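Residue numbers (this note's numbering): 110 to 723.
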Ligand code: AGP
C-alpha cells in the first residue's frame with residue numbers, strides 16, 4: 110500500500126528525511142516513488158517508476174536541494190499503470206501545489222470531467238491529479254492552503270490520506286488530511302512531520318498524533334493544528350510510541366521475514382505470558398472489555414478478517430467452539446460486508462488484523478457494529494484505526510512486522526485467540542479452574558517447543574525439503590481439524606513469496622476433486638499431529654501415495670513419516686496449540702523456496718503489507 114511522508118524544518122534540507130522515510134515504508138509494497146521539494150525558487154518534483162534507488166538517482170542528477178519543506182510518496186498503483194507520469198506527487202496546472210495521496214477518489218471521473226470542461230489539461234491517468242487541480246483552483250480563488258484543502262475535500266467521495274505543500278510569502282505551508290488510510294503527524298521544536306506509518310516518525314520524536322478519519326492537520330514548526338473537514342478545530346493528544354526502531358531493523362538476518370519467523374518464541378512470551386494467571390486457571394488481559402460480566406452474556410461470535418489473519422480466525426473458531434462452547438460464524442471480511450449479514454442478539458464480532466488498517470476488515474467491523482454486535486479486535490498496532498474503533502482490543506505484542514508475508518503476527522493472533530477462548534470458557538462457567546490451569550500452562554510450555562522448531566536441525570531439514578521440491582509445478586497442503594487452517598496458511602505463504610501455485614484443503618476433501626491433481630510433479634504437504642484425526646490423515650497420505658504423488662508430512666505423528674517421501678518432525682504438544690508449531694516449517698518452506706527462486710522475499714511482487722483500499 111502507498112506510503113506517505115512529509116517534513117517542514119526551520120533550517121537545513123528535508124531531502125534525506127523524505128528519502129529515509131520512504132525507505133522505512135518500502136515494506137508496504139510499491140511500484141513507483143517521488144518527492145516534491147519546496148525551496149526559495151518554488152516546488153521541484155522528482156518521481157520515478159520502480160524502486161527508490163531510481164528516484165535517488167534522479168535527485169542526484171540535480172544539485173542537492175536546500176528544501177525546507179517537502180512531501181514524498183511510494184505508490185501502489187490503483188488507477189493508472191506504474192510510470193514516471195503516474196507516480197506521485199501531482200501538481201495543479203500552475204504548479205502552485207504538490208500533492209501525494211493514498212486511497213481512492215471514487216467520484217474522480219465526474220470531477221475530472223468538470224475540470225476538463227473548464228480547460229484543465231491532465232498529465233496523468235491517476236485519480237489523485239483531480240484533487241491537485243481542485244486545490245489549485247481554490248488557491249486561485251484566494252483561499253489559503255488549509256481552506257483550499259477543506260473546500261476540495263468537501264467535493265470528494267472515497268477515502269484518502271493526503272499531504273499537500275505550497276509556497277507562501279511567509280514560507281512553505283504543509284497540510285495533510287485523513288479519511289480511511291492511516292496518517293500520523295509529529296512535531297519537534299525545529300520541525301513538523303507526517304507519515305502513513307509511525308516507523309517514519311519515531312526517529313524525530315516518540316510523541317505521535319494519530320489522525321482520525323475526517324481530520325485535517327495544518328503543520329507548523331513545533332505545532333500541528335488539527336481541524337475537522339467541517340472547519341471546526343479539534344484537539345488530538347499525541348501518544349507515546351515505545352517501539353524500538355532497532356526492532357524493525359533486520360539485525361543479522363538476510364530478510365525481515367526470516368528475522369520475524371525466528372522472533373516468534375519471544376513474541377509468544379510478550380503477547381501471552383503476563384496475561385496467564387495460573388493460580389486461577391485463567392487469563393487476565395489487563396484491559397477493559399473481557400471481564401466475566403462483559404463476556405458471560407455472549408451467545409455467538411462472528412469473526413471477520415483477511416488473508417493470514419483469517420486463517421488465524423479459522424483456528425480461533427475451533428478454540429471458541431471447542432473450549433468456550435460458543436457457536437462461531439467466520440467470513441472473509443470482503444464478503445461479510447456485502448452479504449447483508451444477519452447478526453444474532455448478543456453477538457461478539459471479532460476482527461483480526463496485523464495492521465489494523467485493512468479496509469475490508471475495518472468495513473466489516475463497522476457493519477457488524479451497525480447491526481448491533483459488540484466488537485473486539487485482535488491487532489498488532491496500538492494506534493491503528495481498528496484498535497480505536499473496536500469496543501475492546503487484545504494487542505499482539507509482535508512488534509513491527511515488516512515482511513509482507515505475515516508470520517510472527519499470525520502465531521501471536523493464534524495465541525491471543527487461545528487466551529480469549531480460555532477467558533470466554535471461564536467467564537461462561539464451562540471450564541473449571543483446574544482444566545483452565547492445564548490450558549494456560551500449555552502456553553508456557555509452547556515457547557521451548559517453538560525454539561526447538563527454529564533450531565538448526567529442523568531449519569536445515571526444511572531447507573533440504575525446499576531444495577528437493579523446488580522444481581515441483583504445484584503444491585497441495587492438506588490438514589484436518591484445527592490444522593486445516595494451517596494448510597491454508599502454508600499455501601498462502603508459499604504462493605505469496607515464491608509465486609508457485611499452492612492450495613490448502615481439508616484433507617477429507619481431497620477425494621472430492623483435488624485428488625485429480627495428484628502426479629509426481631505435484632507435492633502434497635500433509636499436516637499430521639497426534640490427536641483426534643491423525644489416523645484419518647494417514648489414510649489420506651496413503652491415497653496420495655497410491656497415485657504417485659510426492660508426500661511431505663509435517664507434524665508429530667511418527668507413523669506418517671514412515672509413509673512419506675520426506676517429513677519434518679514437530680514436537681508433541683497440546684492439539685489446541687499444534688497449529689503454532691506446525692506453521693513454522695511451512696513458513697520456513699516458503700522462505701527457502703522463494704530464496705531458491707531468487708524472489709524478493711520481503712517485498713513480493715504486486716503485494717502490499719497493509720491493503721488499505723478495497
Ligand atoms: C499475509 O501474509 C498477507 N500479507 C495478507 O494476506 C494479510 O494477512 C492480509 O492482507 C491481512 O492483513 P492485516 O492482518 O494487516 O489485516
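Backbone N, C-alpha and C define an ideal beta-carbon position, used for all residues, glycine too. Since the structure is predicted, the reported quantities are computational estimates derived from the model, not experimental observations.
Beta-carbon spacing of residue i, residue j below 8 Å
i	j	result
residue 662	residue 639	no
residue 167	residue 157	yes
residue 380	residue 719	no
residue 114	residue 181	yes
residue 244	residue 427	no
residue 710	residue 717	no
residue 493	residue 278	no
residue 722	residue 567	no
residue 501	residue 396	yes
residue 311	residue 350	yes
residue 112	residue 145	no
residue 657	residue 628	yes
residue 705	residue 576	yes
Heavy atom of the ligand AGP within 7 Å of residue i beta-carbon
i	result
residue 305	no
residue 720	yes
residue 437	no
residue 308	no
residue 496	no
residue 111	no
residue 605	yes
residue 373	no
residue 464	yes
residue 525	no
residue 708	no
residue 416	yes
residue 505	no
residue 520	no
residue 69	As shown, the chain starts at 110 and ends at 723. That puts residue 69 outside it, with no answer to give.
residue 202	no
residue 716	yes
residue 153	no
residue 380	no
residue 601	yes
residue 470	yes
residue 467	yes
Reference residue i; option with closest CA among the options
i	options	result
residue 683	554, 483 and 658	554
residue 154	514, 143 and 161	143
residue 177	580, 312 and 301	301
residue 714	149, 179 and 191	191
residue 694	658, 206, 674 and 635	635
residue 316	186, 589, 298 and 347	347
residue 195	164, 570 and 232	232
residue 118	248, 161, 112 and 281	281
residue 254	242, 206, 221 and 237	206
residue 646	175, 657 and 586	586
residue 507	563, 491, 499 and 541	491
residue 189	230, 140, 203 and 227	140
residue 238	272, 201, 227 and 228	201
residue 203	608, 221 and 242	242
residue 148	597, 120 and 160	120
residue 641	618, 403, 605 and 685	685
Proximity test, residue i beta-carbon vs the ligand MN heavy atom, cut-off 7 Å
i	result
residue 513	Within the structure as shown, the ligand MN is missing, the only ligands being the ligand AGP.
Problem - Stretch pair the region 355 to 375 + the region 422 to 430: three plus CB contacts closer than 8 Å - result: Result no; under three Cβ-Cβ pairs closer than 8 Å.
Handout entry: Cβ contact check for the region 212 to 219 and the region 259 to 270: 3 or more pairs under 8 Å
Key = Touching, yes, given that three or more Cβ pairs across the two stretches are closer than 8 Å.
Handout entry: Continuous beta strand (DSSP E) assignments of at least 3 residues falling wholly in the region 208 to 277
Key = Within the region 208 to 277, the complete beta strand (DSSP E) runs of at least 3 residues fall at 267 to 277.
Handout entry: Whole beta strand (DSSP E) elements within the region 491 to 566, 3-residue minimum
Key = Within the region 491 to 566, complete beta strand (DSSP E) segments of at least 3 residues are found at 501 to 504, given in chain order.
Exercise for the section: Tell me the start and end of each unbroken alpha helix (DSSP H) in the region 579 to 634 that is at least 4 residues and wholly inside, in chain order. Expected result: Annotation: the region 579 to 634 contains the following complete segments of the alpha helix (DSSP H) (minimum length 4 residues), in chain order: 593 to 607.
Handout entry: Segment contact flag, the region 539 to 550 with the region 667 to 678, C-beta cutoff 8 Å, min 3 pairs
Key = They do not touch, by the three-pair rule.
Practice task
Any chance you could list the beta strand (DSSP E) runs of at least 3 consecutive residues sitting entirely within the region 654 to 697, in chain order?
Solution key: Runs found: 659 to 664 and 675 to 678.
Problem - Contact the region 280 to 287 vs the region 319 to 334: 3+ CB pairs below 8 Å - result: A contact is defined here as three or more CB-CB pairs under 8 Å, and the region 280 to 287 meets this definition with respect to the region 319 to 334.
Practice task
Tell me the start and end of each unbroken beta strand (DSSP E) in the region 396 to 455 that is at least 3 residues and wholly inside, in chain order.
Solution key: List check, beta strand (DSSP E) in window: 409 to 414 and 437 to 441.
Problem - contact_flag[the region 364 to 373, the region 328 to 342] where n(CB pairs < 8 Å) is 3 or more - result: Cβ pair count under 8 Å is below three, so no.
Problem - Given 8 Å, three or more beta-carbon pairs between the region 474 to 486 and the region 508 to 527 - result: The answer is no - the region 508 to 527 does not touch the region 474 to 486, with fewer than three Cβ pairs under 8 Å.
Problem - Touch test, the region 406 to 415 against the region 449 to 467, Cβ-Cβ under 8 Å, three pairs minimum - result: Yes, they touch.
Practice task
Indicate whether the contact test is met: 3 or more Cβ pairs, each with one atom in the region 426 to 444 and one in the region 384 to 395, closer than 8 Å.
Solution key: Fewer than three Cβ pairs drawn from the region 426 to 444 and the region 384 to 395 lie within less than 8 Å of each other, which leaves the two stretches out of contact.
Practice task
Let me know the alpha helix (DSSP H) ranges lying completely inside the region 322 to 386, each 4 residues or longer, listed in chain order.
Solution key: Listed in chain order, the complete alpha helix (DSSP H) runs (minimum 4 residues) inside the region 322 to 386 are 365 to 371 and 373 to 381.
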